[in-house]
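Numbering (my numbering), first residue to last: 84 to 193. Where is the CB? At the ideal position from N, CA and C, for every residue including glycine.
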């Protein structure tokens, strides 16, 4: 599954990793995060979840390009972009826009 999220708050890489692990229900170490401007050479291309984050201007803080491998369904991961956005927003407490859902509001969960 390929997703693009526009989120309302800037998150640190560790926060992105924790939120994507939570949202996709994969084990720690199975999410790879990289800034668009960083070198792609050190990426873990075998990770179940790949995320590239971008700085953006306007009423959103970040853009996330997320690729979730089909095998994550075995862990109970969401099967649609909208379901993943709901879980991501719930973990981070941020608002999340997708192509299919204009705004999803989250309440931070531990």
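- Query: Taking buried to mean at least 16 other C-beta atoms within 10 Å of its own C-beta, is residue 110 buried or exposed?
  - Reply: Within the chain shown, residue 110 is the residue found at index 27, counting from 1. Per the 10 Å Cβ criterion, exposed.
- Contiguous beta strand (DSSP E) assignments of at least 3 residues, all confined to the region 132-184: 132-138, 145-151
- Message: To the nearest angstrom, how far is the alpha carbon of residue 155 from that of residue 177?
- Response: Here residue 155 corresponds to residue number 72 of the chain shown, with the count starting at 1. Here residue 177 corresponds to residue number 94 of the chain shown, with the count starting at 1. Spanning the two alpha carbons is a distance of roughly 23 Å.
- Taking residue 102 as part of the alpha helix (DSSP H), name the residues at either end of that continuous run. Position 19 of the chain shown holds residue 102. That run of the alpha helix (DSSP H) goes 96-107.
- Beta-carbon contacts of residue 85 that lie in its chain and below 7 Å, excluding the five residues immediately before and after: One-based indexing of the chain shown puts residue 85 at position 2. Once the five neighbours on either side are set aside, the close Cβ partners of residue 85 are 150.
- Message: Using only CA atoms, which one of 113, 173, 135, 117 lies nearest to residue 148?
- Response: Taking the chain shown and counting its residues from 1, the one referred to as residue 148 is at position 65. Comparing Cα positions, the closest option is 135.
- Query: If you run the structure through DSSP and keep just helix, strand and coil, what is residue 127?
  - Reply: Indexing the chain shown from 1 puts residue 127 at position 44. Here residue 127 sits in coil by DSSP.
- Query: Any idea if residue 153 is buried or exposed, counting beta-carbon neighbours within 10 angstroms, 16 or more meaning buried?
  - Reply: For the purposes of this step, residue 153 is identified with residue 70 of the chain shown, where counting begins at 1. Per the 10 Å Cβ criterion, exposed.
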